[in-house]
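2 protein chains.
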Amino acid sequence: MTKDDTPAPDDSYQLDRQVGFVLRRASQRHLSIFSELIPELTPTQFAALAKLVETGPVSQNALGRITAMDAATIKGVVDRLVKRGLLTTSRDERDRRRTIVDLSDRGRILYHQLEPRARLITRQTLAPLDRTEQEQLLALLAHIC
Amino acid sequence: MTKDDTPAPDDSYQLDRQVGFVLRRASQRHLSIFSELIPELTPTQFAALAKLVETGPVSQNALGRITAMDAATIKGVVDRLVKRGLLTTSRDERDRRRTIVDLSDRGRILYHQLEPRARLITRQTLAPLDRTEQEQLLALLAHIC
DNA sequence: AAAAATCCATTTGTATACCAACAATTCGGT
DNA sequence: ACCGAATTGTTGGTATACAAATGGATTTTT
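Just so you know, the sequences run in chain order E and F. The first sequence runs 10 to 154 under my numbering. The second sequence runs 10 to 154 under my numbering.
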């Protein structure tokens, strides 16, 4: 038998096997879980609060960098959080270009209320995987960032 | 020595270890690679073309479902692609609710020009991983969708 | 056949996300 | 001290994304 009777390796471009597409769908599922468990904030808004808890007051652009948002995006996020009284902003007197962003009391309280739910979001998103797979996925994703 | 001198398991909530955040950053890197290799289309626009090549003409909502976009999102995508002459739309006479979306000749030609670059995008995005890891990542991501 | 439920496409509103351009400020090298 | 370079924040523009509401068409149920 010289003829190959195994199915040929699929050469066609299949959208569902491309990283980009699968990443988008995974993000969609995560977002769906997030907005169900934390309807009062978006993931990026929560990220801003979380990073401010970690680091304390920082400049607006710096906050953008550590939360992976560009200057235009972080501005919108900060503006909306300020409007809701969760953040405060002030001018940096040493460097007058900078706007210093910090948590308000309400912001800090809200963050600590939500943190347990945030952990749950991660757990639920990863629920289809066992412990080992969960670690693998996080490591692999971190690798391609 | 009753005292534990190994570092305590980190109990703090670290943004950088949450799936949602890592997913977002991975998507960002993918998008960056995409727009460099295919500046003429967005990932979702290309996804629409790719699925139409796979399946042939479909209703607008159905196209949204197979490309993982809701009705409002797919409408915008289709509108922009029609405006650029890459898609055509027509009323379904059997079911007058439906708008049938199909590739135009230009759309088909463009898709086949871009497909090799799309494969390259996937390859470059996954480049930091070896073959085994690439398969693992895709499988794990598919699992949490 | 009439009523109810469903589906399709559209519109409005909010929130990322990124690019490009801009003014004000600060920094770096000479 | 000065001047070009870099940084910071802002604005305008385009493109996802999703929720909710709406009107028209079809299907299902009764």
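Don't be surprised by glycine CBs; every beta carbon is placed ideally from N, CA and C.
Which first and last residues belong to the beta strand (DSSP E) in which residue i is found?
i      : result
E/R100 : L96 to R100
F/D111 : T108 to L112
How big is the Cα-Cα spacing for residue i and residue j?
i      : j      : result
F/G116 : F/Q54  : 11 Å
E/L135 : F/Y120 : 35 Å
F/D104 : F/S68  : 10 Å
F/P137 : F/I83  : 32 Å
F/V110 : E/G29  : 23 Å
E/S44  : E/I130 : 9 Å
E/P52  : F/E102 : 43 Å
E/R93  : E/T64  : 21 Å
E/L149 : E/L50  : 28 Å
F/L61  : F/L147 : 23 Å
E/Q122 : F/L58  : 44 Å
E/M78  : F/T76  : 26 Å
F/L96  : F/V87  : 7 Å
F/T98  : E/T108 : 49 Å
F/S41  : F/G85  : 22 Å
Once DSSP output is grouped into helix, strand and coil, what is the label at residue i?
i      : result
F/S68  : strand
F/T51  : coil
E/Q23  : coil
F/A57  : helix
E/A77  : coil
E/A128 : It is Arg, not Ala, that sits at residue 128 of chain E in the sequence shown. E/R128: helix per DSSP, three-state reduction.
F/A136 : coil
E/R115 : helix
Specify, as a first and last residue, the run of the alpha helix (DSSP H) that residue i falls within.
i      : result
E/I153 : No alpha helix (DSSP H) contains E/I153, which DSSP labels as neither H nor E.
F/D88  : A80 to K92
F/I42  : V28 to L46
Can you say whether residue i is buried or exposed, counting buried as having 16 or more other CB atoms within 10 angstroms of its CB?
i      : result
F/A80  : exposed
F/P125 : exposed
E/I118 : exposed
E/Q27  : buried
F/G73  : buried
E/R100 : exposed
F/R33  : buried
F/T141 : exposed
E/S36  : buried
E/Q143 : buried
Which residues in chain E sit within 9 Å of residue i, going by Cβ to Cβ distance?
i      : result
F/E45  : The contacting residues do not exist; F/E45 stays about 13 Å from chain E at best.
F/E124 : Y22
F/T51  : Ordered by position in chain E, no residue passes the 9 Å Cβ test against F/T51, which lies about 11 Å from the chain.
At 8 Å on the CB atoms, spell out the chain E contacts of residue i, in chain order.
i     : result
F/S36 : G29, L32, R33 and S36
F/K84 : What F/K84 touches in chain E: nothing, since even the nearest Cβ is about 18 Å away.
Find the residues of chain F that neighbour residue i, judging by a C-beta separation of less than 7 Å, and give them in chain order.
i      : result
E/R128 : Y22
E/I153 : A35, R38, T134, L135, P137 and L138
Going along chain F in order, which residues have a C-beta closer than 9 Å to the C-beta of residue i?
i      : result
E/Q145 : E142, Q145, L146 and L149
E/A80  : What E/A80 touches in chain F: nothing, since even the nearest Cβ is about 15 Å away.
E/A77  : F30, R33, R34 and Q37
What does residue i reach in chain E if we use C-beta pairs closer than 7 Å?
i      : result
F/R74  : The contacting residues do not exist; F/R74 stays about 12 Å from chain E at best.
F/R26  : L147
F/A59  : Y22 and L24
F/T108 : Near F/T108 there are no residues of chain E at all, since even the closest Cβ is about 21 Å away, more than 7 Å.
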